[in-house]
Amino acid sequence: FDTANLLFPEGAGKAPGQEVIIDGQLFTVIGTMDKRRQGISGGSNPEDNIAVMPVTSLRKLYPNQKDYVIFAKASDPAQVTQAVEEIRDLLRRKRRLANNKPDDFALFTSDYFLDLWNRISGLIFLLMFAVASVGLIVGGIGVMNIMLVSVTERTREIGVRKAIGAKRSNILAQFLIEAVALSAVGGVVGVLFGSGLSLLLRFGVHFPAVLSLFWVVTALTLCALIGVVFGVYPAWKAARLDPVEALRYE
């Protein structure tokens with residue numbers, strides 16, 4: 056369909072009866088196929104960008120071509136397994152293979168490609184999870200360093216607060232909340248960036264990217280936990296400061 060529109064600007068409907076040249080050979084167009092559904096990536100379907108010809112013409116055009124791909128569709132989805140066995144028997148007879156000889160061809164069903172896609176998706180998920188984990192750890196170390204610097208710079212402030220009655224638990228809670236807030240801000244920025252990227256993929260390259268509320272909540276929760284885990288030590292250090300020594304700090 057797309058091939059016809061590309062070759063004939065007046066539209067695919069005008070293609071029948073026209074002539075095209077493929078690798079130096081002249082062919083007459085006898086019809087166009089209906090447009091297929093979108094591809095997996097959301098773009099055009101690769102089957103819309105092909106030229107279909109009789110196998111005899113294909114062999115004349117490419118006499119040295121030894122490998123062929125044949126697509127078959129079972130009349131009943133429940134009989135796919137039976138259809139595969141019938142095709143295997145037919146090909147073995149056509150290729151004169153003895154019973155003790157292995158197949159010299161390969162058969163694949165949609166279940167095979169679905170399983171392959173699931174395995175690839177699983178590997179991609181594991182890779183992204185590993186990258187995200189490293190990113191979270193690095194981000195957590197950054198939060199801890201920032202909070203340690205903050206504790207050092209606010210030593211006198213901590214001393215004043217303790218001198219007027221603030222308890223260790225108050226100081227601990229204050230710095231933990233600040234660490235969580237800092238991590239949460241980073242999480243919000245990441246979610247906004249991801250949302251923008253999702254919209255860009257959806258409307259820019261027509262990739263069906265979907266932003267899941269579950270993963271947004273999960274990401275923000277993980278950011279908060281990172282803030283708690285990596286903010287404990289700076290908060291504990293601030294809470295244990297001696298008020299007298301803190302007031303003397305310059």
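In our numbering, the protein residues as written are 56 to 305. All C-beta atoms in this analysis are idealised placements derived from N, C-alpha and C, irrespective of residue type, glycine included.
Name the residue from the options whose alpha carbon lies nearest to the alpha carbon of residue i.
i	options	result
residue 66	90, 79, 291 and 78	90
residue 275	290, 241, 253 and 287	241
residue 286	217, 80, 179 and 205	205
If you draw a straight line from the C-alpha of residue i to the C-alpha of residue j, how long is it?
i	j	result
residue 236	residue 202	11 Å
residue 200	residue 207	11 Å
residue 187	residue 193	10 Å
residue 107	residue 126	13 Å
residue 156	residue 144	13 Å
residue 272	residue 173	25 Å
residue 284	residue 265	30 Å
residue 134	residue 64	43 Å
residue 131	residue 166	15 Å
residue 109	residue 171	31 Å
residue 154	residue 168	28 Å
residue 233	residue 239	10 Å
residue 267	residue 253	10 Å
residue 72	residue 120	28 Å
Can you list, in chain order, the residues of its chain whose CB lies under 7 Å from that of residue i, leaving out five sequence neighbours each side?
i	result
residue 210	296, 301 and 304
residue 164	135 and 139
Helix, strand or coil: which one does DSSP assign to residue i?
i	result
residue 120	coil
residue 128	coil
residue 164	coil
residue 301	helix
residue 159	coil
residue 105	coil
residue 64	coil
residue 295	coil
DSSP puts residue i in a beta bridge; with which residues?
i	result
residue 74	83
Can you find the residues in the same chain that come closer than 8 Å, C-beta to C-beta, to residue i, ignoring five residues on each side of it along the sequence?
i	result
residue 60	66 and 67
Counting only the same chain and skipping the five closest in sequence on each side, list residues whose C-beta sits under 6 Å from that of residue i.
i	result
residue 290	227, 230 and 231
residue 298	214, 217 and 218
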